[in-house]
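Undergrad:
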Amino acid sequence: MDVSKEYFHTQISAQLALLDHGSAQNDIDKIKLIIHAGTPKTGTTSIQTYLSKKQRKLRGKGVLYPHNLEASNNPGAPAHQWFEKNLVTTHVDNFVANFTNLISQIKEDTHTIILSSEGIYNYWWDFPDASKDLLGELAKLFDVKLWVWFREPVAFIESYYKQCIRNPQVASNPCYGQDLSFADMLEVEWFNKHLDYQGFVSECTAVFGQSSVSVFEYNGDVVQQVSQLLGLATAHDNPTPRQNNSLNNASVSLLRAINRYDVKAKDKERLMPYLKEINNIMDAYANVDGKDVNSSLIDEVTKKRIMALATLVND
């Protein structure tokens with residue numbers, strides 16, 4: 002065991018040992034740690050909003066959806082983005098600090114913890130081996146179950162393209178905030194790697210153990226699925242409205258124009274409310290002379306390319 006793994010294991014094991022659960026000692030008594038890994042564009046924000054609103058009810062069932070150590074940029078839908086941020090950089094001290102905060106919120110009747118961030122899937126291929134070793138230590142300390150939702154590949158990767166051009170530029174990322182067509186971005190390995198559904202599942206199984214990964218098909222209302230999985234569903238539940246709407250083609254063109262400039266992240270964030278308003282207005286002009294101007298960015302040739310790159314999950 003290397004120094005980072007040993008340090009993380011020792012620190013977290015000691016804190017868990019102070020609880021009555023015996024989590025670090027007995028496999029039967031381990032606290033279940035559900036890691037909701039996304040994927041992007043599969044209702045992750047809606048799930049986080051739901052879990053945040055149901056924190057008290059979840060507590061009553063022994064389920065903890067923990068508060069973050071630091072204030073969230075989106076308090077309405079708190080995500081646990083510290084998880085992947087600390088792993089991309091293998092920042093062990095911060096990872097320990099966040100888990101220390103998480104453990105401080107555990108009560109005597111807590112049997113399940115839920116962490117949620119689509120960035121876990123998004124940055125999975127950016128995690129160094131040392132960080133994946135840390136995840137392996139988690140599986141020794143907790144009963145880890147990873148939940149992931151997969152969307153039909155063509156719809157997923159088109160939506161993900163729109164998310165990438167909407168994001169601010171990042172020096173280490175070849176796709177965020179770039180003026181790239183969909184076809185050009187599809188040729189970027191970092192981008193098309195996100196179509197490797199089976200590869201992600203296989204790697205997570207290797208890290209967390211057999212039967213650790215649960216794969217769900219995205220059906221448009223993931224909140225209903227989550228509420229059923231957690232035993233919170235009632236006969237009177239209504240479909241959950243989407244929290245993030247897709248960009249139409251007019252907004253995509255405008256974003257690509259903005260991306261030709263070296264716009265600072267804070268300034269691009271300031272532009273987003275205006276872009277959303279433009280997007281809403283232009284939705285009213287979807288049909289021109291009977292033609293849908295918001296039709297897919299993907300032609301038949303590109304669609305075949307997507308399906309050639311995609312690896313679907315084996316049953």
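Going by this note's numbering, the sequence shown opens with residue 2, and the numbers climb by one from there. Using N, Cα and C, we set each Cβ at its ideal position, and we do this for glycine too.
In terms of DSSP beta bridges, what is Ile115 paired with?
TA: DSSP, once it has assigned bridges, lists Ile35 as partnering Ile115.
Undergrad: Would you call Gln229 buried or exposed, if buried means 16 or more other Cβ atoms sit within 10 Å of its Cβ?
TA: By the neighbour-count rule (16 or more Cβ atoms within 10 Å), Gln229 is not buried but exposed.
Undergrad: Leu19: buried (16+ other C-beta within 10 angstroms of its C-beta) or exposed?
TA: Exposed: under 16 other Cβ atoms inside 10 Å.
Undergrad: In chain order, what residues of the same chain lie with their CB nearer than 8 Å to the CB of Val253, ignoring the 5 residues before and after it?
TA: Cβ within range, chain order: Lys163, Ile166 and Leu298.
Undergrad: On the three-pair Cβ rule with 8 Å, is the segment 117-129 touching the segment 79-86?
TA: Result yes; three or more Cβ-Cβ pairs closer than 8 Å.
Undergrad: Are there three or more Cβ pairs, one per stretch, closer than 8 Å when the segment 180-198 is compared with the segment 2-12?
TA: Touching, no, given that fewer than three Cβ pairs across the two stretches are closer than 8 Å.
Undergrad: Do three or more CB pairs link the segment 150-162 to the segment 265-273 at distances below 8 Å?
TA: Contact between the segment 150-162 and the segment 265-273 is absent, because fewer than three Cβ pairs lie under 8 Å.
Undergrad: Am I right that Phe255 and Ile282 are in contact with their C-beta atoms under 8 Å? What's the rounded C-beta distance?
TA: Looking at the sequence shown, residue 255 is not Phe but Leu. Incorrect: roughly 12 Å between the Cβ atoms, too far for contact.
Undergrad: Below 8 Å CB to CB, which residues in the same chain sit around Gly39 once its five sequence neighbours on both sides are set aside?
TA: Thr45, Ser118, Glu119, Gly120, Ile121, Tyr122, Asn123, Val149 and Trp150.
Undergrad: Taking the C-alpha atoms as reference points, what is the distance between Lys6 and Met186?
TA: When rounded, the distance between both Cα atoms is 36 Å.
Undergrad: Could you pull the start and end residues of the alpha helix (DSSP H) that Leu218 belongs to?
TA: Checking the displayed sequence, the identity of residue 218 turns out to be Glu instead of Leu. Glu218 -> not in any alpha helix (DSSP H); beta strand (DSSP E) instead, spanning Val214 to Glu218.
Undergrad: With three or more C-beta pairs closer than 8 Å as the rule, is the segment 42-60 touching the segment 124-139?
TA: Counting Cβ pairs under 8 Å, fewer than three are found: no touch.
Undergrad: So, are the CB atoms of Ile115 and Ile32 less than 9 Å apart?
TA: No. Outside cutoff.
Undergrad: Could you give the residue range of the alpha helix (DSSP H) that holds Val1?
TA: For residue 1 there is no data in the structure shown, the boundaries of the chain being 2 and 316.
Undergrad: Tell me which residue opens and which closes the alpha helix (DSSP H) that Asp17 is part of.
TA: The amino acid at residue 17 is misidentified as Asp; the sequence shows Leu. Note, Leu17: alpha helix (DSSP H), Val4 to Ala18.
Undergrad: Taking Phe96 as part of the alpha helix (DSSP H), name the residues at either end of that continuous run.
TA: Run containing Phe96: Val93 to Ser105, per the alpha helix (DSSP H) assignment.
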